[in-house]
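S.K.: Below you will find the structure I want to go over with you.
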Amino acid sequence: MTIRPASTDWNALAKFFHWSIVVLLLVQGIVALLMDGFPREMRSTVMMLHKSTGVLILLLAIARVAWRLLSKAPPALPEVSAANRLLAHLGHLALYLLLFAVPLSGFLMSAYGGRAVDFYGLFTLPTFVATNESLGEVMHQIHEPLFFALVLLASAHMAAALYHHFVKRDATLTRMLPGGRC
Ligand code: HEM
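Under numbering that gives the first Met the number 0, the letters of the sequence shown match residues 0 to 181, in that order.
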């Protein structure tokens with residue numbers, strides 16, 4: 000039994016944004032969870048890399064949404080029911096919101112605390128906001144729960160993609176894969 004090739008792929012830039020953000024989020028999540036295990040003298044460098052990668056993810060998310068609005072998404076596969084399409088749309092919308100909320104809360108945690116982000120040691124980003132310890136604390140409180148919500152939702156999203164591929168045997172996953180056929 001072969002999996003039916005996609006009739007219409009996601010375009011190359013949409014795939015690039017999707018998979019580069021997935022890889023960066025994975026690295027970012029693993030490094031963040033292991034942060035306390037790094038030797039004390041390495042922590043400020045690791046934190047600088049964590050913040051810089053967070054900003055990079057935010058910039059990629061902005062570019063991704065801009066591209067998504069400018070370019071056409073492939074038409075829904077006819078075999079996917081209207082109810083499932085709606086569910087997928089709502090899930091994608093929530094993923095986009097969390098994709099912004101997680102790095103933005105991290106950035107604002109630093110900015111409200113008066114700590115500017117040194118972007119990979121290349122240059123210092125403006126903080127954009129005035130120092131505000133209580134708002135900084137709010138960002139600190141929500142950053143990790145938002146990250147876990149993203150992990151949870153992304154896991155359900157991944158499970159749905161694998162269900163389409165291995166159980167329904169449709170082209171949902173292949174048309175999002177690099178090198179997938181049009
Ligand atoms: C942190 C991880 C992930 C995030 C944040 C994420 C986010 C998204 C978003 C927002 C979309 C909607 C695209 C749009 O309509 O503009 C999407 C589509 C898609 N994602 Fe992911 N994704 C992640 C991981 C994965 C993984 C691991 C897989 C595969 C196993 C996957 C497979 C897909 C597929 C197949 C689509 C296209 C769905 C369709 O054609 O309706 N994603 N993803």
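Just so it is clear, CB atoms sit at the ideal spot from N, CA and C, and this is done for glycine as well.
Could you tell me which uninterrupted alpha helix (DSSP H) segments, each at least 4 residues in length, are contained entirely in the stretch 45–111, listed from first to last along the chain?
M.R.: Segments of the alpha helix (DSSP H) lying fully in the stretch 45–111: 81–111.
S.K.: In this structure, does DSSP put F122 in helix, strand or coil?
M.R.: Under the three-state reduction of DSSP, F122 is assigned to strand.
S.K.: Note down, in chain order, each residue of its chain lying with its Cβ closer than 7 Å to the Cβ of H156, except the 5 sequence neighbours on either side.
M.R.: G90 and L94
S.K.: Based on the DSSP secondary-structure assignment, which residues constitute the bridge partners of D117?
M.R.: Answer by DSSP bridge pairing, in chain order: T123.
S.K.: Suppose you measure from the CA of D169 to the CA of L161; what does that come to, to the nearest Å?
M.R.: Going from the Cα of D169 to the Cα of L161 covers about 10 Å.
S.K.: By Cβ distance below 6 Å, which residues in the same chain neighbour T126 in space, the five residues on each side in sequence not counted?
M.R.: For T126, same chain residues with a beta-carbon under 6 Å away, outside a window of 5 residues either side, are A110 and A115 in chain order.
S.K.: What's the C-alpha gap between I182 and D117?
M.R.: In this structure the chain extends from 0 to 181, so residue 182 is not present and cannot be described.
S.K.: Where does A65 land, buried or exposed, given buried means 16+ other C-beta within 10 angstroms?
M.R.: exposed
S.K.: Can you look up T130 in the DSSP assignment and give me helix, strand or coil?
M.R.: coil
S.K.: Do R67 and ligand 1 come close, with the Cβ less than 7 Å from some heavy atom?
M.R.: yes
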